[in-house]
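This report refers to the structure that appears directly beneath it.
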Amino acid sequence: MTYRKWDEDFETGLTNIDSQHRELLDTINALHAAIEDPASSEYSTENLLNFLFIYTNMHLNDEEEEFEKTDYPDKDRHKAIHQEFRESIEDFQNKLANDETEINHYVFDYLSDWLINHILQIDQEAAVYIRKARDTSWEVQKDGTLVETPNH
Ligand SMILES: [Fe+2]
2 MTYRKWDEDF ETGLTNIDSQ HRELLDTINA LHAAIEDPAS SEYSTENLLN
52 FLFIYTNMHL NDEEEEFEKT DYPDKDRHKA IHQEFRESIE DFQNKLANDE
102 TEINHYVFDY LSDWLINHIL QIDQEAAVYI RKARDTSWEV QKDGTLVETP
152 NH
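Counted from 1, the sequence shown has number 77 at position 76 by the numbering used here; the numbering is strictly sequential.
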């Protein structure tokens, strides 16, 4: 069963950011399925978690690059929030490497809650600004998704 389905509340209207957020949500769903039923999962919880960490780091860096490009006024606060999460990930990876923790529901809840809430709140706040700053237009599709096209 899918843990959390993508819906229009996730849409920021920023094509590159939305596709990375979708990938994060897909990975969260795959990790949930692997924890629930390891035997029927294509990938191990370790591999999925590893991918989630690498992908999250790449994604946070891309978002921050976008803040710089558009000179987002709240970028310092947003970057500090990212940094805190990077540190929790690192801390967790160290504990995992030293066998001080395991991949369980508690870990899953922490990671998925952080990512989902972050996308739905903090990233949406940033997206309002970035959408204005980008020289692009948006079209609302029948399914509620936003499609972005460059103006030039
Ligand atoms: Fe963010």
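Each residue gets a CB set at the ideal place from its N, CA and C atoms; glycine is no exception.
Once the 5 residues before and after residue i are set aside, which same chain residues still bring their CB inside 8 Å of it?
i	result
R121	Note on residue identity: the sequence assigns Leu, not Arg, to residue 121. So the list reads D10, F11, once near-sequence residues are dropped.
D114	none
Y130	T71, Y73, P74, D75
H106	I36
Note down, in chain order, each residue of its chain lying with its Cβ closer than 7 Å to the Cβ of residue i, except the 5 sequence neighbours on either side.
i	result
K96	T102
T3	N30
N51	none
S94	The displayed chain sequence assigns Gln, not Ser, to residue 94. Result list for Q94: F54, in chain order.
D144	none
Q125	T13
N152	D136, T137, S138
Looking at the structure shown, is residue i part of a helix, part of a strand, or coil, going by DSSP?
i	result
T71	helix
E43	coil
L147	strand
T16	helix
I104	coil
N152	coil
D63	helix
D38	coil
Since residue i is in the alpha helix (DSSP H), which residue starts that stretch and which ends it?
i	result
W7	Per DSSP, W7 belongs to no alpha helix (DSSP H) and is neither H nor E.
D92	76-98
Q125	125-134
Go to residue i, then tell me how far its beta strand (DSSP E) extends in each direction, as first and last residue.
i	result
E140	137-141
Return the Cβ separation of residue i and residue j in integer angstroms, given the expectation that the two are a contact with Cβ distance under 8 Å.
i	j	result
I104	E43	At roughly 16 Å, the Cβ-Cβ gap does not stay under 8 Å, so I104 and E43 are not in contact.
T150	S138	5 Å
W7	L32	At roughly 16 Å, the Cβ-Cβ gap does not stay under 8 Å, so W7 and L32 are not in contact.
I123	I82	6 Å
L49	T28	6 Å
Leaving out five residues before and five after residue i in sequence, what residues of the same chain have Cβ atoms less than 6 Å from its Cβ?
i	result
S45	none
**Item:** At least 3 beta-carbon pairs within less than 8 Å: the stretch 76-89 vs the stretch 56-65
**Value:** Between the stretch 76-89 and the stretch 56-65, the count of C-beta pairs closer than 8 Å reaches three or more; the two stretches touch.
**Request:** Would you check if there are 3 or more beta carbon pairs closer than 8 Å linking the stretch 10-30 to the stretch 69-77?
**Result:** no
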